[in-house]
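142 is the number of the first residue of the sequence shown in our numbering; add one for each residue after it. Here's the structure we're looking at; comments come further down.
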Amino acid sequence: LPNQQSVYYTSEEDGYAHLYVYHIPSKSMRQLTRGNYVVRNVEASADGKFLYYKANSTHPGIYEIFRVEVSSGEVAQLTALGGVNDYSLPIDQNNLLITHSSALHPPELWIQPLAGTQAARQVTQTVSAEFLQLPWVAPDFVTIPSRAGHSIHARLYLPPGHAPTVEHPAVIFIHGAGYLQNAHQGWSSYFREFMFHSLLAHHGYVVLDMDYRGSAGYGRDWRTAIYRQMGHPEVEDLEDGLLWLNQQYGVARDRVGIYGGSYGGFLTMMGLFRRPGVFACGAALRPVTDWAHYNHGYTSNILNTPSIDPEAYQRSSPIEWAAGLEDPLLICHGMVDDNVFFKDTARLAQRLIELKKTNWEVAIYPIEAHGFREPSSWYDEYRRIFELFERHLK
Numbered sequence: 142l143p144n145q146q147s148v149y150y151t152s153e154e155d156g157y158a159h160l161y162v163y164h165i166p167s168k169s170m171r172q173l174t175r176g177n178y179v180v181r182n183v184e185a186s187a188d189g190k191f192l193y194y195k196a197n198s199t200h201p202g203i204y205e206i207f208r209v210e211v212s213s214g215e216v217a218q219l220t221a222l223g224g225v226n227d228y229s230l231p232i233d234q235n236n237l238l239i240t241h242s243s244a245l246h247p248p249e250l251w252i253q254p255l256a257g258t259q260a261a262r263q264v265t266q267t268v269s270a271e272f273l274q275l276p277w278v279a280p281d282f283v284t285i286p287s288r289a290g291h292s293i294h295a296r297l298y299l300p301p302g303h304a305p306t307v308e309h310p311a312v313i314f315i316h317g318a319g320y321l322q323n324a325h326q327g328w329s330s331y332f333r334e335f336m337f338h339s340l341l342a343h344h345g346y347v348v349l350d351m352d353y354r355g356s357a358g359y360g361r362d363w364r365t366a367i368y369r370q371m372g373h374p375e376v377e378d379l380e381d382g383l384l385w386l387n388q389q390y391g392v393a394r395d396r397v398g399i400y401g402g403s404y405g406g407f408l409t410m411m412g413l414f415r416r417p418g419v420f421a422c423g424a425a426l427r428p429v430t431d432w433a434h435y436n437h438g439y440t441s442n443i444l445n446t447p448s449i450d451p452e453a454y455q456r457s458s459p460i461e462w463a464a465g466l467e468d469p470l471l472i473c474h475g476m477v478d479d480n481v482f483f484k485d486t487a488r489l490a491q492r493l494i495e496l497k498k499t500n501w502e503v504a505i506y507p508i509e510a511h512g513f514r515e516p517s518s519w520y521d522e523y524r525r526i527f528e529l530f531e532r533h534l535k
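The structure is reproduced here in structure tokens:
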């Protein structure tokens, strides 16, 4: 802080990321925020009197902007827009610049007055009327009970005019990145998948997008539940989602497919390999198949290192479970992937050949990296996923 006497930091000491101030001369620490929510994007005001941050204290999927007075610890909520909000430090003495989005509307800029009770006002309108008029399916935000005694937050897309008496097929989308939150109420970074889920819903599918254990936004214990056992708690959560869909929405238990990319591709394989017969089919996109070959800077925090903890790597790598494959599997991977190397798919393909598995296929994208760039590649990938579901879920 500007007084050169104190430093601020965030810590998960009490189970959630909260804001603390440490006073250097007295060697004393004060906790400024507390509760079952997470604090992110902390910035100090120019004079050091206030710390600004965003937090999901009102609902795990809603991020509003707050500030706390360092001296008193008094917290003030600055926005009440719902959805997901981010901010830039005050553009003048009186206003905060906000980036606001909702599940159906990409981010726009808003101005939030800092004094009084004035409402925020929108200052940009960048989304075309044509986009807004398209028949996007708005997700419901739901909580699913789990066998572990927790509530799993998720987005649920229902077919327009959904009737509980009709037995629908379903798709469970598995987000990537591991430590990521996607069941928030803002515009998703998975915007292509949002569009695809609207298409699936219009074709009669129920779509569930879950923040399984290991996802961000729900505190330390939720995020670290996968320690030394990647692909185990998460698959339990996916299966609990399937059972919930069957009980609450009449989804046929034998007509549920799964798909996802990167970490989501890894979990798709773990679901099919470790729980054969539970999921009717799956599409694994750019998947990790052997964690021993992935970036150790990421993996070592969860599984330690292969030399120290080989059991954790064996337990967590799909290639070690490949003999369990019984249900149809589509694998899609770019050959110049610089994150999850293509050799992961090549090695798994060889293992499936050696195991004499027949119900799998690989789509190779010669010029694509981890995130595709060519529209033709995106189209081809989603066409294959859609056709997989049409063949095996209907």
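Virtual Cβ for every residue (Gly too), placed ideally from N, Cα, C.
Straight-line gap, residue i to residue j (C-alpha atoms, nearest Å)
{"i": "Ile-472", "j": "Asp-431", "result": "15 Å"}
{"i": "Phe-272", "j": "Gly-475", "result": "29 Å"}
{"i": "Pro-310", "j": "His-294", "result": "21 Å"}
{"i": "Phe-337", "j": "Ile-165", "result": "52 Å"}
{"i": "Pro-301", "j": "Val-307", "result": "12 Å"}
{"i": "Arg-288", "j": "Glu-377", "result": "8 Å"}
{"i": "Ala-342", "j": "Gln-145", "result": "56 Å"}
{"i": "Pro-305", "j": "Arg-171", "result": "52 Å"}
{"i": "Tyr-194", "j": "Gly-406", "result": "33 Å"}
{"i": "Phe-513", "j": "Tyr-523", "result": "12 Å"}
{"i": "His-437", "j": "Gln-455", "result": "15 Å"}
{"i": "Lys-190", "j": "Thr-446", "result": "43 Å"}
{"i": "Glu-502", "j": "Asp-468", "result": "12 Å"}
{"i": "Val-419", "j": "Glu-531", "result": "18 Å"}
{"i": "Glu-537", "j": "His-200", "result": "Since the displayed the chain opens at 142 and closes at 535, residue 537 lies outside it and no answer follows."}
{"i": "Val-278", "j": "His-325", "result": "16 Å"}
{"i": "Gly-345", "j": "Glu-334", "result": "16 Å"}
{"i": "Arg-396", "j": "His-533", "result": "7 Å"}
{"i": "Asp-379", "j": "Asn-387", "result": "The sequence given here places Leu at residue 379; Asp does not occur at that position. Taking the straight line joining both Cα atoms gives about 13 Å."}
{"i": "Glu-205", "j": "Pro-451", "result": "42 Å"}
Same chain, Cβ closer than 7 Å to residue i, neighbours up to 5 away in sequence not counted
{"i": "Ala-261", "result": "Thr-220, Leu-222, Ile-239, Trp-251, Ile-252, Gln-253"}
{"i": "Ala-464", "result": "Leu-496"}
{"i": "Asp-479", "result": "Ala-510, His-511"}
{"i": "Ala-393", "result": "Glu-308, Pro-310"}
Option in the options with minimal Cα separation from residue i
{"i": "Ser-243", "options": "Thr-258, Val-268, Gln-259", "result": "Val-268"}
{"i": "Pro-374", "options": "Gly-358, Ala-311, Arg-208, Arg-354", "result": "Arg-354"}
{"i": "His-159", "options": "Ile-165, Ser-198, Pro-143, Pro-166", "result": "Ser-198"}
{"i": "Ser-329", "options": "Ala-185, Leu-275, Val-312, Asp-352", "result": "Asp-352"}
{"i": "Gln-263", "options": "Arg-364, Thr-440, His-241, Phe-420", "result": "His-241"}
{"i": "Gln-370", "options": "Leu-340, Thr-440, Arg-361, Arg-492", "result": "Thr-440"}
{"i": "Ile-285", "options": "Leu-297, Ser-152, Gln-274", "result": "Leu-297"}
{"i": "Gly-317", "options": "Val-481, Ser-147, His-246, Ser-518", "result": "Val-481"}
Under 8 Å between C-beta atoms of residue i and residue j
{"i": "Ala-487", "j": "Ser-458", "result": "no"}
{"i": "Leu-426", "j": "Gly-402", "result": "yes"}
{"i": "Gln-161", "j": "Tyr-150", "result": "Residue 161 is actually Tyr in this sequence, not Gln. In contact: Tyr-161 and Tyr-150 (Cβ atoms closer than 8 Å)."}
{"i": "Gln-322", "j": "Ser-356", "result": "yes"}
{"i": "Ala-366", "j": "Leu-529", "result": "no"}
{"i": "Leu-230", "j": "Arg-208", "result": "no"}
{"i": "Trp-462", "j": "Arg-492", "result": "no"}
{"i": "Ala-196", "j": "Leu-142", "result": "no"}
{"i": "Gly-603", "j": "Leu-349", "result": "In this structure the chain extends from 142 to 535, so residue 603 is not present and cannot be described."}
Cβ-based neighbour list, residue i, same chain, cut-off 6 Å, excluding 5 preceding and 5 following
{"i": "Met-411", "result": "Gly-372, Val-376, Pro-459"}
{"i": "Gly-391", "result": "Pro-305, Glu-308"}
Other residues of its chain near residue i: CB distance less than 8 Å, five sequence neighbours each side excluded
{"i": "Ile-203", "result": "Asn-197, Gly-223, Gly-224, Val-225, His-325, Gln-326"}
{"i": "Ser-169", "result": "Tyr-163"}
Chain D contact for residue i (CB, 8 Å cutoff)
{"i": "Gly-401", "result": "This model lacks chain D altogether, as it is built from one protein chain only."}
Considering only residues of the stretch 344-375, which uninterrupted beta strand (DSSP E) runs meet the minimum length of 3 residues and lie entirely inside it, listed in chain order? 347-351
Hey, which unbroken runs of the alpha helix (DSSP H) at 4 residues or more fall wholly within the stretch 193-220? none
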